[in-house]
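Colleague: First to last, the sequence lines map onto chains A and B. The opening position of the first sequence corresponds to residue 1 in full-length UniProt numbering, with each subsequent residue numbered one higher. The opening position of the second sequence corresponds to residue 1 in full-length UniProt numbering, with each subsequent residue numbered one higher.
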Amino acid sequence: MGSQGGFYQSKEFLDLVKSIGEARSKAEEDRIVLNEIDTLKRRISEPDIPKRKMKEYIIRLVYIEMLGHDASFGYIHAVKMTHDDSLLVKRTGYLAVTLFLNEDHDLIILIVNTIQKDLKSDNYLVVCAALNAVCKLINEETIPAVLPQVVELLAHPKEAVRKKAVMALHRFYQKSPSSVSHLISNFRKRLSDNDPGVMGATLCPLFDLITQDVNSYKDLVISFVSILKQVAERRLSKAYDYHQMPAPFIQIKLLKILALLGSGDKQASENMYTVVGDIFRKCDSSSNIGNAVLYECICCVSSIYPNPKLLDSAADVISTFLKSDSHNLKYMGIDALGRLIKISPEIAEQHQLAVIDCLEDPDDTLKRKTFELLYKMTKSTNVDVIVDRMIDYMISINDNHYKTEIASRCVELAEQFAPSNQWFILTMNKVFEHAGDLVNIKVAHNLMRLIAEGFGEDDDNADSKLRSSAVESYLRILGEPNLPSVFLQVICWVLGEYGTADGMFSASDITGKLCDVAEAYSSDETVKAYAVTALMKIYAFEIAAGRKVDMLPECQSLMEELLASHSTDLQQRAYELQAVIGLDTHTVECIMPSDASCEDIEVDKDLSFLNGYIQEAIEKGAQPYIPESERSGVLNMGNFRNQDHHEPSHGLRFEAYELPKPAVQSRIPQAVPPSTEIVPVPEPMYPSEIYQTPTPSNPSNAGSTELKLRLDGVQKKWGRPTYTPETSTSTSTSQKTVNGAAQVEGASTVNSTRETYASRKPQVEISHEKQKLAASLFGGSSKPEKRPATGHKVSKASSHVVEKSHVPKSSKEVASEKTAPAQPPPDLLDLGEPTDTSTAPSLDPFTQLEGLLDTTQVASAANGATAASSSPDVMALYADTPIGIHNKDDTDLLSGLSNPSVTNVPGATAKPQITQSSGKGPNPKGSLEKDALVRQMGVNPSSQNPNLFKDLLG
Amino acid sequence: MGIRFILMVNKQGQTRLAQYYEWLTLEERRALEGEIVRKCLARNEQQCSFVEHRNYKIVYRRYASLFFLVGVDNDENELAILEFIHLLVETMDRHFGNVCELDIMFHLEKAHFMLEEMVMNGSVVETSKANILSPIQLMEKAS
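1) Just the chain A side, please: which residues come within less than 8 Å of GLY71(B) by C-beta, in chain order?
2) List the residues of chain A that LEU88(B) touches, going by C-beta distances under 8 Å, in chain order.
3) Would you call the CB atoms of PHE280(A) and CYS297(A) closer than 9 Å?
4) What are the residues of the segment 43-56 of chain B that lie near chain A, defined by any Cβ-Cβ distance shorter than 7 Å?
5) Any idea what DSSP makes of GLU52(B), helix, strand or coil?
6) Strictly below 8 Å CB to CB, what residues from chain A border ASN121(B)?
7) Thinking ILE132(B) and MET118(B) are a contact (beta carbons under 8 Å), I'd like their distance in whole angstroms, please.
8) What residues from chain A crowd round VAL9(B), counting only those whose CB sits closer than 8 Å?
9) Just mark residue 1019(A) as buried or exposed, buried being the case when its beta carbon has 16 or more other beta carbons within 10 Å.
10) For PHE113(B), does the three-state DSSP call read helix, strand or coil?
11) Nearest CA to the CA of ALA531(A): which residue from LEU558(A), ARG547(A), CYS492(A), GLU372(A)?
12) Only counting runs of 4 or more residues, tell me where the alpha helix (DSSP H) segments fall wholly within the segment 209-280 of chain A, in order along the chain.
13) In whole angstroms, give me the CA-to-CA distance for THR511(A) and ASN482(A).
14) Please determine, among LYS129(B), GLY34(B), LEU32(B), the residue with the shortest C-alpha to C-alpha distance to GLU90(B).
15) Let's see if you can read the secondary structure: which residues bound the alpha helix (DSSP H) around LEU329(A)?
16) What are the partner residues of ILE3(B), as DSSP defines its beta bridges?
17) List, from N- to C-terminal side, the alpha helix (DSSP H) runs of 4 residues or more that fit wholly inside the segment 439-478 of chain A.
18) Pick out whichever of SER49(B), LEU17(B), GLU27(B) has its Cα sitting closest to the Cα of ASP363(A).
19) So is ASN328(A) buried or exposed if we call it buried at 16+ other beta carbons inside 10 Å?
20) Output the boundary residues of the beta strand (DSSP E) element that contains ALA18(B).
21) Could you please give the first and the last residue of the uninterrupted alpha helix (DSSP H) stretch that includes ASP516(A)?
22) Confirm, please, whether the CB-CB distance from VAL276(A) to LEU260(A) is below 9 Å.
23) Find the nearest neighbour of PRO144(A) within the set ARG368(A), PRO157(A), TYR173(A), LYS164(A), judged by alpha-carbon distance.
24) With DSSP as the reference, identify every bridge partner of PHE67(B), one or two as the case may be.
25) Taking the alpha helix (DSSP H) that THR25(B) falls in, what are its first and last residues?
26) So is PHE84(B) in contact with chain A if we call contact Cβ pairs under 9 Å?
27) Is there contact between the segment 15-23 of chain B and the segment 340-349 of chain A, where contact requires at least three CB pairs shorter than 8 Å?
28) Considering only the alpha carbon of each residue, which of GLY197(A), VAL490(A), THR142(A) lies closest to SER176(A)?
29) Determine the contact status of ARG162(A) and ILE138(A), defining contact as a CB-CB distance below 9 Å.
30) Would HIS69(A) pass as a contact of SER45(A) if the rule is Cβ separation under 9 Å?
31) Does DSSP put CYS100(B) in a helix, in a strand, or in coil?
32) Taking the DSSP output, what are the residues bridged to LYS57(B)?
33) Cα separation between ASP325(A) and ASP357(A)?
34) With burial defined as no fewer than 16 other Cβ atoms inside 10 Å of the residue's Cβ, what is the status of GLY954(A): buried or exposed?
35) For GLU33(B), does the count of other Cβ atoms within 10 angstroms reach 16, so buried, or fall short, so exposed?
36) Are the segment 59-67 of chain B and the segment 81-88 of chain B touching, with three or more C-beta to C-beta distances below 8 Å?
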């Protein structure tokens, strides 16, 4: 066996490993490790430790860190060990250092010297050890210290050294491309190295380089193609074969490179067709590795300039993947389909049922991959189904990272393809409700704008319908507990702006709800602020409409609370509200115009509306206003004592400040009296803001209300604090949305397919649901001209189901026939948009959509149910894991997992080749021998953990 | 980058080997190992050997009591990584003879040496078993 030999191990070490191996809980393991730390701390700094012993100590340190404890007390000893003469000890030292230290650690500086020396060693294994360390420990600053030597080693007679030197250079390129930019040609040179290992390694840096800059490497296409051809024709040494495949890992890397080089380049791609076609033919699709290469071929084919023959081969492989029982292959198939679909969208149709199976699979990995595919094939015709599915899934998961991702995808798809604005709002509601805290605030602003701007056409009726349906849906949603803050902000804003607009709800309905919100989410100041502003708008609209305002008691108490709030913002808003309520109709109309959130606010920078007053004042003898910039000149004119300050206006002034005062005073008193009416106290610090308070040229009530009005104006900017800034920031997105919506609107004619679709749905059985889903997902994916074939397609799909599910044929076919003729009529009628996207304006679009949503939820219920039924199992396992770790309760945790795997050890995933290539079956004898050997060395393995002796390759 | 880390973890969730190709602190490693091990151990044999985790994927394979977990970037060929794991196990098997968990534990540094030959900078650089094992055999002879 020879595994002992020079790799000396003491009984102490064996005992340690054994006890770690037999530890049945994390706590027990931690105890062992802490004990070990104590021992090592004492021992490792003793003088004159023999090398072998030291090497063992270092490996024990590696164990300590691997098991999650700090071993920094021993780092320096690992560093020292790299100086050793013995190769094994040195390499162990390097290994430990690369595991312990990152490239910016202070100790690295002590190693650079050793590395430099070792790179010059006569023993190529020492050089290799140093190059390994170079790849891990050299940072941008230390590159120059080793670069010349590394470059020299590229021509080393030993292939192992050349290979590692290439990788070291690759590392430098990753760390700091500029440091090796003049050495790039070396990679090209090494590509033609005699040794396949060196050539294979060179593909790594070349792949990175080509990713960065494709065009500089087009000349290498021929070389890569010929290398790939040679590899595929088994010209490389047999040593690189893996399960009868010639150098599959090199093939895969080459295919990746070709995919980059051939992308969008017809000429380059034509060079590749033959060899890729050959590989398609030669690959053994019964082995994992063969399929790995085939998958890479598909990636390549879908990236390079399309070739019909290759696309056909790719499609064939995809269908074998999808039909396979192996989840791994299905996963690869779905991924490959997502790539190919960009080039030949029609390929998805034949796999629709397989895709839906994957979508409904309890395996999360597969499901997510399928969602990725759906995301890629979303169109305006299937967006509703896909987004519904996504939202259902989003609701069902807890993983925040993925939840955020899928929520933003939903938003993106909805913005891009929304069939109608109502649908968009409903969809957004769902996204906000369930992932509101995870989506970008901009999405909320977009939604508010959409509601405010409406369809982007001048159809006021439709706009107000949209708004009242939004209001209605929000009032309902407010009943749900724990809504996300962002969503509540949207709700408050919309309720404030449009809550009473259509007269369906009275002011007290809306204000009551708003008060509830402020109360229920009292810790969220932003939401409260939105709610108060919304209240103010509602009351303002009431006053403007000439109705009497009765503040609800809860509203009054809310105001009382807020008037004394610690938040100045809330307090301010409360005071403003109070002020607005006290105003007369006309004023309120001016400051809070109804539905004016989209109006541009014109800021009159010249303050021209004040001209009248100024004129009047000047006529009465006031001095004209002199801008600050010119004022120093005035001062100088009036005050010759300050003349010396004229020039160094930015310099330090050592004189006291009293002096200028009389001059200023002398000027202002004259100007002030006439202007007091408008601006009572001229504070030179904020002149613009005060003038801006546009008190809309309303001299009549400038008296008592004056002060309060000014407050409103300054702080609130017309009472729409959130909206105003947002209009400017995200106009571009809105433009897109509007365009998208308009497009759909234009294309779709009045269409009742939707209706039939909805009404028919409930009567269909489950497998039929699947076809339905398939039809709605894939039906629209083909070009509209192909449309009339849908009915046919559906029936074809259903016959698939018949074969698949072994359901009595007759009933099935009746069902499928029922749908098949049912579909054509609408098809014949509408030549425009294929399915169900239009808004049927005759009906209330909102309720209709809701009905649809409900049915689709039913449709997905099956899916949800499977997910739900399986998730407890998963959770149980989750829950068990830590318990298992902590409680020495091994069997319990593993009862579910271990049994199958013990019986068919690598069976399910590993292939028959293992036994062929390794030539070994399960070998109890070998295990026994090992057991005996360990005993011989004085360690008594208890039978506690027999797994430790179990052959990995059974 | 390609490969971000390679872990060997037994079915009790105890780490048997850990090699990272991007720097993580001790705490980060501990948290990551805990998270992904829990995720992977909870899966059954029929499910995919791939798990998405944050912004990368884990490809894993089980041999007897030991799980081999490889964290890879999203554009990596999962099946190829799955076979890379098998190649690693075959290589260890050739060296140790009927390799078992205890072999890796007793010869942790050797297992690392093999990995050092096979993977550099997060890329697979050597797949010939003879080339992978020859430095180790030479070192054994020398000492």
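Think of the CB as a built atom: it goes at the ideal place given N, C-alpha and C, for glycine as much as any other residue.
Modeller: Inspection of the coordinates gives the following:
1) None at all; the shortest Cβ gap to chain A is about 14 Å.
2) Ordered by position in chain A, no residue passes the 8 Å Cβ test against LEU88(B), which lies about 10 Å from the chain.
3) In terms of Cβ geometry, PHE280(A) and CYS297(A) form a close pair [threshold 9 Å].
4) GLU45, GLN46, GLN47, CYS48, SER49, PHE50, VAL51, GLU52, ARG54
5) strand
6) CYS135, MET167, HIS170, ARG171, GLN174, CYS204
7) Indeed, because the Cβ distance is near 6 Å, the residues count as touching under 8 Å.
8) The premise fails here: VAL9(B) is roughly 11 Å from chain A at the closest Cβ pair, so nothing lies under 8 Å.
9) Missing from the structure shown is residue 1019(A); chain A here goes from 1 to 954 and no further.
10) helix
11) CYS492(A)
12) 221-232, 248-262
13) Approximately 20 Å, taken between the alpha carbons.
14) Checking every option, the nearest Cα to that of GLU90(B) belongs to LYS129(B).
15) For LEU329(A), the enclosing alpha helix (DSSP H) stretches over residues 327-340.
16) Beta-bridge pairing links ILE3(B) to VAL72(B).
17) 441-453, 460-477
18) SER49(B)
19) buried
20) From DSSP, the beta strand (DSSP E) with ALA18(B) extends over 15-20.
21) 507-520
22) no
23) The residue with the shortest Cα to Cα distance from PRO144(A) is TYR173(A).
24) VAL9(B), ARG62(B)
25) From DSSP, THR25(B) is part of no alpha helix (DSSP H); its letter is neither H nor E.
26) yes
27) no
28) Considering only alpha carbons, the answer is THR142(A).
29) no
30) Not closer than 9 Å, so no.
31) strand
32) LYS57(B) is bridged by DSSP to GLU52(B), VAL72(B).
33) 12 Å
34) buried
35) buried
36) Between the segment 59-67 of chain B and the segment 81-88 of chain B, the count of Cβ pairs shorter than 8 Å is three or higher; the stretches touch.
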